[in-house]
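A.B. asks: Sharing a structure below in structure tokens format, with a few things to ask.
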Amino acid sequence: MAVITYRDALNRALREEMERDDSVFLLGEEVGEYDGAYKVSKGLLDQFGEWRVRDTPIAENGFAGLGVGAAMVGLRPVVEFMTWNFALLAYDAIVNSAAKMYHMSGGQYNVPIVFRGPGGSALQLAAQHSQVPDPWYANIPGLKVCAPATPADALGLLKSAIRDDDPVVFIEGELLYNVKGEVPDGEHLVPIGVAEVKRPGADVTIVAHGKMVHVALQAAEHLAKELEVEAEVVDLRSLRPLDTASVIESVQRTHRAVVVEEGWPISGIGAQVVDDIQREAFDSLDAPVARVSGLDVPMHYARSLEKLIVPGPEPVIEAVKHVCYLD
Amino acid sequence: MASTEETVVGEAPGGLSKEKLLELLRAMLLSRRFEEKTAESYQMGKIGGFCHLYIGQEAVAAGAIGALREDDYVITAYRDHAQALVRGMSPNSVMSELYGRIDGCSRGAGGSMHMFDKSVNFMGGHGIVGTHLPIATGVGYAIRYRQTDQVCLCFFGDSVVNGGPFHEAFNMTAKWELPVIYIVENNSYGMGTDIDRVAAVDELFTRACAYAGKRAEQVDGQDVLAVYAAVERAAERARTEKRPTFIEAQTYRYLGHSMSDPAHGVYRTREEVAEERERDPINTFVDKLTDAGVLTDDDVEAMDKEIIDEVEAAAEFAEASPVPGPEEVYAHVYSDEYRGGPDGRDAWR
């Protein structure tokens, strides 16, 4: 086991898959000479050359569509968006083209492509650079959606995404790139659509994904220490397919659940998870399920308000106390 | 090259073999007759949804695709029946798709706007204006990536030149020297809006000059030989120099934008349509061929009869083809197993 950053884990995934399969190539803004805006693609241009590590113009719909076309004839493009906010310009290529092609060609043209980049808020980037795109893609049949929280999952899920025969939306955490964690040596694949318990606990289930897994873990440590409440943290890892069974299994043991997400509350990922819980584990519940989400406003620039909008451990702790009738 | 006996002696139109000339004529006639039948079936309620007919524009698809090799790629927008047929898809499969039947090329999932056939490298059939231009760029990228000498031919309508994907695709295609031939079917109208009313520069080929330079040209899209010659040159350039070409084919659609729209009305007059029909691409080509002695009026009639029979048979085939059953609902959403819904079960089904 080596301890590496989330950024290096993604780099390793790209490198390993490009070495393994000549049809894998990376394209996007600044991915080549600049080594990537977040340095995820560091060194890849030198190793693989410009046809496999392609610096693109700032034209998201154009280069995402280019990726779709290349994938339709058998290449395996990895399209990097500098952030998912910019990918809104490519929503047409992702939703109208990539997600529909296999279906509307009657199963003739699959699109083995990965769209990846950082999502969510970082530090004082204001309204246009701080959005959580997760539900915009999880809503769409034809796409798969991953949102890893740890270096090991970033490595294993990205490798699986590149090998997948369908379009995968891969949402990284802008504030996770420097997070360190243990990563298995050798080949490491994490299947898409399988959640993982990141912290076992008997008293309450906290469901989270991406950056919020770390928030949930911080909240769980506090709850254990201060209130002797042992929270189980279930990391969804993938948002589509969604591993409902793992969530249900946990809730059936703990009888209480808090669902956390960074994005907006209305029609959010949490709304889907809560629906699954009420439908499949209604009789196991000892309290209504609580949701914690980002506040329902565009992001403020001011740090004081940004901290209020993005969920930290405090609202999660409060929500757990509520479902445990401790407040 | 054609053998001597296939070659027209004397003033061979376009300098092409008799075989090639007949192939072009047949392609245009098949498109025309197929779509006349399509209109009839649509009016009888056998075809649903949006249905955009190509009648009047046949020389563009026939000439352009006629100049390609079998291993080249073809991609187009939603007015796609003629391109599909000319590329070699069977009338049975295209008509069955229009009828929403299981024997359709896309198993009834696509309909009029989404014809696909991987076996002849026909890549759709795309319904959002402009969205397939970057896809064609990607096909060109893959060709260069693999270092083959194929080309990708991309058709699109005149309205596309005013949107972002046109410029994004052209810039990348030109910059990376990708073997793509872009051909705009300029029929003067984006649905019911005259291109003059919305385009700052309405000589469309000049819009591509910023990216393609001298490799942007204008041809008479009602002259199948002119289209053929332009695409043949472009394909040669793409194969040898790996350079893209932009071709503006000036053409005309006789019918409304789709089956839901009138052929004339607020945006154009009955007289204008009648005048355009005077330079019908099929009639003028037939005249050219008979004048040159390539074939007689009787030959043309026989070919037409054969095609009409083929189209009628396609409609009968489509009519008899089964409708897709419930097992098709989830069949091609993903490459792996899928049953729908968040937990593999759609609500209350």
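Heads up: the sequence lines are chains A and B, in that order. Position in the first sequence (from 1) plus 30 gives the number in the working numbering. Position in the second sequence (from 1) plus 116 gives the number in the working numbering. We put the beta carbon where it would ideally sit given N, CA and C, even for glycine. Note that this is a predicted model, so its numbers are computed, not measured.
If we count Cβ pairs, one from each stretch, closer than 8 Å, do we get three or more for the stretch 203-212 of chain B versus the stretch 246-257 of chain B?
C.D. replies: no
A.B. asks: In whole angstroms, give me the CA-to-CA distance for A:Leu338 and A:Leu325.
C.D. replies: Between A:Leu338 and A:Leu325, the alpha-carbon positions lie close to 8 Å from each other.
A.B. asks: Does B:Tyr261 come out as helix, strand or coil in the three-state DSSP assignment?
C.D. replies: In the three-state reduction of the DSSP assignment, B:Tyr261 falls in the helix class, which pools H, G and I.
A.B. asks: Are the C-beta of B:Ala436 and some C-beta of chain A separated by less than 7 Å?
C.D. replies: B:Ala436 has a beta carbon lying at 7 Å or more from every beta carbon in chain A.
A.B. asks: What is the rounded straight-line gap between the Cα of B:Thr123 and the Cα of B:Arg185?
C.D. replies: The predicted position of B:Thr123 is uncertain, since its pLDDT is 46 and thus under 50; a value taken from the coordinates is nonetheless stated next. B:Thr123 and B:Arg185: Cα-Cα distance of roughly 20 Å.
A.B. asks: Residues of chain A with CB closer than 9 Å to the CB of B:Met288, please, in chain order.
C.D. replies: Thr86, Pro87, Ala89, Gly92, Phe93, Leu96
A.B. asks: Roughly how far, in whole angstroms, is the beta-carbon of A:Ala164 from the beta-carbon of A:Ile299, given that I think they are within contact range, below 8 Å?
C.D. replies: It should be pointed out that residue 164 of chain A corresponds to Asp in this sequence rather than to Ala. With a Cβ gap of about 5 Å, A:Asp164 and A:Ile299 count as contacting.
A.B. asks: Among the candidates A:Ser135, A:Val263, A:Pro230, whose CA atom is the shortest distance from the CA of A:Ala179?
C.D. replies: A:Val263
A.B. asks: Assign B:Glu391 to buried or exposed, taking buried as 16 or more other Cβ atoms, counted over all protein chains shown, within 10 Å of its Cβ.
C.D. replies: exposed
A.B. asks: State the Cα-Cα distance for the pair B:Thr309 and B:Tyr383, rounded to the nearest angstrom.
C.D. replies: 7 Å
A.B. asks: Which partner residues does A:Gly216 have in the DSSP bridge list?
C.D. replies: Paired residues: none, contrary to the question.
A.B. asks: I'd like to know whether the C-beta of B:Val267 is nearer than 7 Å to at least one C-beta of chain A.
C.D. replies: no
A.B. asks: Report yes if the CB atom of B:Pro438 is closer than 7 Å to the CB atom of B:Ile218, and no otherwise.
C.D. replies: yes
A.B. asks: For B:Phe166, which of helix, strand or coil comes out of DSSP?
C.D. replies: coil
A.B. asks: Could you pull out every residue in the same chain whose Cβ sits closer than 6 Å to the Cβ of A:Val33, ignoring the five residues on either side in sequence?
C.D. replies: Lys210, Glu212
A.B. asks: Take B:Ser119 and list the residues in its own chain whose beta-carbon comes closer than 7 Å to its own, dropping the five residues that flank it on each side.
C.D. replies: Annotation note: pLDDT 37 at B:Ser119 (below 50); position unreliable, no value reported.
A.B. asks: Taking any Cβ of chain A, which residues in the stretch 237-259 of chain B have a Cβ under 9 Å from it, in chain order?
C.D. replies: Asn237, Met239, Gly240, Gly241, His242, Gly243, Ile244, Gly246, Thr247, His248, Leu249, Pro250, Ile251, Ala252, Thr253, Gly254, Val255, Gly256, Tyr257, Ala258, Ile259
A.B. asks: With a cut-off of 7 Å, does the C-beta of A:Val103 fall near any C-beta of chain B?
C.D. replies: yes
A.B. asks: Quickly, what does DSSP pair A:Ala287 with across the bridge? List them, please.
C.D. replies: A:Thr235
A.B. asks: Going by alpha carbons, who is nearest to B:Ala180 out of B:Tyr370, B:Gln199, B:Ile171?
C.D. replies: B:Gln199
A.B. asks: Around the Cβ of A:Ala189, are there at least 16 other Cβ atoms within 10 angstroms (buried) or fewer (exposed)?
C.D. replies: The sequence as given places Lys at residue 189 of chain A; Ala does not occur at that position. The residue is buried, with at least 16 neighbouring Cβ atoms inside 10 Å.
A.B. asks: Cα separation between A:Gly240 and A:Val288?
C.D. replies: 16 Å
A.B. asks: Would you mind sorting A:Arg106 into buried or exposed? The rule is 16 or more other CB atoms within 10 Å of its CB.
C.D. replies: buried
A.B. asks: Give me the Cα-Cα distance between A:Ala301 and A:Pro295, rounded to the nearest whole angstrom.
C.D. replies: Roughly 7 Å separates the two Cα atoms.
A.B. asks: Find the residues of chain A that neighbour B:Tyr327, judging by a C-beta separation of less than 8 Å, and give them in chain order.
C.D. replies: Result: empty, since nearest Cβ-Cβ is about 12 Å, beyond 8 Å.
A.B. asks: Mark B:Ser212 as exposed unless 16 or more other C-beta atoms lie within 10 angstroms of its C-beta, in which case mark it buried.
C.D. replies: buried
A.B. asks: What number of angstroms, rounded off, separates the C-alpha of B:Val449 from the C-alpha of B:Tyr158?
C.D. replies: 28 Å
A.B. asks: Going by DSSP in three states, B:Leu294 sits in which element: helix, strand or coil?
C.D. replies: Coil at B:Leu294, not helix or strand.
A.B. asks: State the CB to CB distance for the pair A:Cys176 and A:Arg267, rounded to an integer number of angstroms; the pair is presumed to be in contact (CB under 8 Å).
C.D. replies: 7 Å
A.B. asks: Check whether the stretch 328-341 of chain B touches the stretch 350-363 of chain B, taking contact to mean three or more Cβ pairs, one atom from each stretch, closer than 8 Å.
C.D. replies: yes
A.B. asks: Closer than 8 Å is the cut-off here; do at least three beta carbon pairs connect the stretch 297-305 of chain B with the stretch 159-177 of chain B?
C.D. replies: yes
A.B. asks: Quick check: the Cα distance between B:Gln263 and B:Lys358, rounded to an integer number of angstroms?
C.D. replies: 10 Å
A.B. asks: What is the rounded straight-line gap between the Cα of B:Pro129 and the Cα of B:Ser147?
C.D. replies: Pairing B:Pro129 with B:Ser147, the inter-Cα distance amounts to about 21 Å.
A.B. asks: Give the secondary structure of B:Asp188 by DSSP, where H, G and I count as helix, E and B as strand, and everything else as coil.
C.D. replies: Residue state, collapsed to three classes: coil.
A.B. asks: Alpha helix (DSSP H) containing B:Cys325: first to last residue?
C.D. replies: If you look at B:Cys325, you'll find it in the alpha helix (DSSP H) that goes 325-328.
A.B. asks: Mind listing the chain A neighbours of B:Cys221? Cutoff is C-beta to C-beta under 9 Å, in chain order.
C.D. replies: Ser135, Gly136, Gln138
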